[in-house]
């Protein structure tokens, strides 16, 4: 076995309301590919960001070649030979390949402040040659395919002299052939003595490329697996765990005889989702499960009229709609509670009252003017009913907790008597109490005949809440299960293992 | 008890600090000059302020949506020229001509709005470019000569008095009150704040973002044209230069009055106080016999000071 070149010991990190990492330890040896797997929110990205100096840990130590180090910035990480190939492309599109590779560390000529262009190109060619691919260093990065752009990111890390590389979902946008190409580069890199932390949701790949696999769950180190001895099913079991919260009572619902309130037929939007067909019945809670990036949010935004579909039909209550604007869909009593509350949900500069009443302002209008008294009465009604904790209605919404903000947004759509509500990650970043209250509220709404779609990456939430679950992966509906008879393993298997079979 | 709460709340507002600044400036001028606190001087100041304030009302709406209108001056000038030509060369009734002149301002503003809302172009460059084109049109039409021999009935708008108040001041006051009602009591006003505060969230609650933005620019154009025609009437001549210096003060009045350049924050009261503050400042420079060459330097420095003070106030608040 080769020597350990880097290790992280007993690392803990908390964010407001979440313990992202709970005293985890990992290490990496020379010439090794070490994969880290886990569900969304398991803590793998947080750990990688700590190793790359983007976050500082609350406690724990980092060691490089056995020596204790502090990594408080990406620059410090680079000086220790650690490079990252981030999930999202992080290049300057208008600059050339060679300029992107050496961005921030350009070779300088003897004249001060002037870049040595000749040496820049030579050095770029050397790095590209190490990758074993033919990329013209003079081309602007925007002229390259996303696979080649990914390689430029690798080149950038190599140019810093990195001997430890972190790959965060590098193959998410690559084709099979491009992925093979990347693996060759990874092998070459490790043969030369480099080490790699590899993060991916594609289990097949993990089995192919890894020397070691570490499983994280809810911020905890779970186990280490050997790719020679393990299976995809075992990996999924370890990622998901077995305990399921049984405190919530499953509601009884049958779609039989209930009218279809929302239907899509072959709905497609390029690069987002393809050929999506499903039916939602009155009073039903339909779950959409899948990993981040499966195309669920994009699908919801298209149904809601925020984006336009390339192909396919949206049918609400038997009426074919070609929505050009959200207001048309809202008129048909459909509502969308967005995934990113701060960015898409709340008006942080406005009061709680104003935040709640946008879709129903016309109801308080007399001769064109809003009746403040009627508006305040309605808001105070919902504050009591939904147990929203606030100082006053005039308080700016940004000073409320996440759970209370979410309740204000929900009130918005309940007040406008929505018949179909799409909730996108309704309880993300919300404390347990508010989460239970919101779940309870959703069930009550469904009992009253409101039809609900829940998009959630939290498997437990989807299973406990839904009557029926659709599983999406990479823009496609991969399968459908009945919530009463499924479990987390089955859903993950349909999403991941099913996807790998292609 | 309740009354006390309202007072405390009032004191905490941005508008109150600029109001204090205005009071301080007025005190300073009444102590250092004998001419400031005279009825004659006050009438001059308030009348001068009224033209800019009307333009600033529209500018405030635009700033609230997160945009900016740099064409207000050119629209004021071009619409005034068109309006006066209608009543002189075309011989149309002066009141109808005034109305039509204001209407051209609406159309010019709508053109701005169309490019900004529908094509999602940057407001700064669109209004800067159209402003340049409109200013050019003034010279094409007038060749630099003023439109003279305006009908006597027309001059009432800018020169007339209602009781002891000049007509432009009355118009400004009425418009400000209407604007306050629009912003605070109508869905349209709410939508403006929503769009400036969070455009994506606004679209996701069903607000017609593009239409609202277009109307806002059209209103800005309309108010600019009105201010231009009022000043034309006051000067009794369709000067090609009318409005050409209004862009900076219209933005300044709003910013000094607490309107945020990034949108979603600001009030009409603030803008009116801001406009009066700038008017008094300019008046003070004259009364204190400071060389008028210094005026622009002082205005520039005051605006910088105002936004730095505002920045410091923001820093003190708890960060989210």
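Residue numbers (this note's numbering), protein chains in the order written: chain W, 3 to 504; chain D, 4 to 323. Glycine residues also receive a C-beta, built at the ideal position from the N, C-alpha and C atoms.
CB contact below 7 Å: residue i versus chain W
i: residue 268 of chain D; result: yes
i: residue 207 of chain D; result: yes
i: residue 18 of chain D; result: no
i: residue 200 of chain D; result: yes
i: residue 135 of chain D; result: no
i: residue 179 of chain D; result: no
i: residue 189 of chain D; result: yes
i: residue 197 of chain D; result: yes
i: residue 120 of chain D; result: no
i: residue 204 of chain D; result: yes
Rounded separation between residue i and residue j - CA only
i: residue 200 of chain W; j: residue 155 of chain W; result: 15 Å
i: residue 72 of chain D; j: residue 345 of chain W; result: 26 Å
i: residue 483 of chain W; j: residue 493 of chain W; result: 8 Å
i: residue 12 of chain W; j: residue 197 of chain W; result: 21 Å
i: residue 123 of chain D; j: residue 189 of chain D; result: 26 Å
i: residue 248 of chain W; j: residue 451 of chain W; result: Note on residue 248 of chain W: pLDDT 47, under 50, position unreliable in the model; the coordinate value appears next. Using only the alpha carbons, I get a separation of about 25 Å.
i: residue 278 of chain D; j: residue 63 of chain D; result: 11 Å
i: residue 56 of chain W; j: residue 48 of chain W; result: 9 Å
i: residue 314 of chain W; j: residue 272 of chain D; result: 51 Å
i: residue 67 of chain D; j: residue 320 of chain W; result: 41 Å
i: residue 96 of chain D; j: residue 90 of chain D; result: 6 Å
i: residue 373 of chain W; j: residue 366 of chain W; result: 5 Å
i: residue 183 of chain W; j: residue 153 of chain W; result: 10 Å
Residue burial classification, residue i (beta-carbon count within 10 angstroms, cutoff 16)
i: residue 363 of chain W; result: buried
i: residue 387 of chain W; result: exposed
i: residue 261 of chain W; result: exposed
i: residue 244 of chain D; result: exposed
i: residue 115 of chain W; result: exposed
i: residue 304 of chain D; result: exposed
i: residue 298 of chain W; result: buried
i: residue 375 of chain W; result: exposed
i: residue 92 of chain D; result: exposed
i: residue 103 of chain W; result: buried
i: residue 72 of chain W; result: exposed
Contacting residues, own chain, Cβ-Cβ under 6 Å from residue i (five flanking each side not counted)
i: residue 437 of chain W; result: 429
i: residue 425 of chain W; result: 339 and 456
i: residue 370 of chain W; result: none
i: residue 223 of chain W; result: 26
i: residue 46 of chain W; result: 38, 40, 201 and 218
Neighbourhood of residue i by C-beta, 8 Å cutoff - its chain only, sequence neighbours within 5 removed
i: residue 389 of chain W; result: 409 and 439
i: residue 286 of chain W; result: 255, 257, 260, 448, 453, 454, 469 and 470
i: residue 65 of chain D; result: 71, 72, 126, 219, 220 and 223
i: residue 142 of chain D; result: 243
Interface flag, residue i vs chain D, CB-CB below 7 Å
i: residue 328 of chain W; result: yes
i: residue 88 of chain W; result: no
i: residue 431 of chain W; result: no
i: residue 347 of chain W; result: yes
i: residue 404 of chain W; result: no
i: residue 340 of chain W; result: yes
i: residue 172 of chain W; result: no
i: residue 196 of chain W; result: no
i: residue 366 of chain W; result: no
i: residue 17 of chain W; result: no
i: residue 361 of chain W; result: yes
i: residue 423 of chain W; result: no
i: residue 105 of chain W; result: no
i: residue 370 of chain W; result: yes
Whole-number beta carbon distance between residue j and residue i, since they are thought to touch under 8 Å
i: residue 211 of chain D; j: residue 403 of chain W; result: Incorrect: roughly 32 Å between the Cβ atoms, too far for contact.
i: residue 7 of chain W; j: residue 38 of chain W; result: The Cβ separation is near 16 Å, so there is no contact.
i: residue 160 of chain W; j: residue 129 of chain W; result: 5 Å
i: residue 291 of chain W; j: residue 443 of chain W; result: About 21 Å; that fails the 8 Å criterion.
i: residue 350 of chain W; j: residue 416 of chain W; result: Contact flag wrong, Cβ pair sits at about 22 Å.
i: residue 216 of chain D; j: residue 198 of chain D; result: 7 Å
Own chain, CB closer than 7 Å to residue i, minus 5 neighbours either side, in chain order
i: residue 276 of chain W; result: 270, 477 and 478
i: residue 413 of chain W; result: 358, 384 and 388
i: residue 35 of chain W; result: 188, 192, 198, 200, 211, 212 and 213
i: residue 185 of chain D; result: 191 and 192
i: residue 467 of chain W; result: 287, 289, 441, 444 and 456
C-beta neighbour in chain C for residue i, strict 7 Å
i: residue 185 of chain W; result: No chain C is part of this structure, whose protein chains are labelled W and D.
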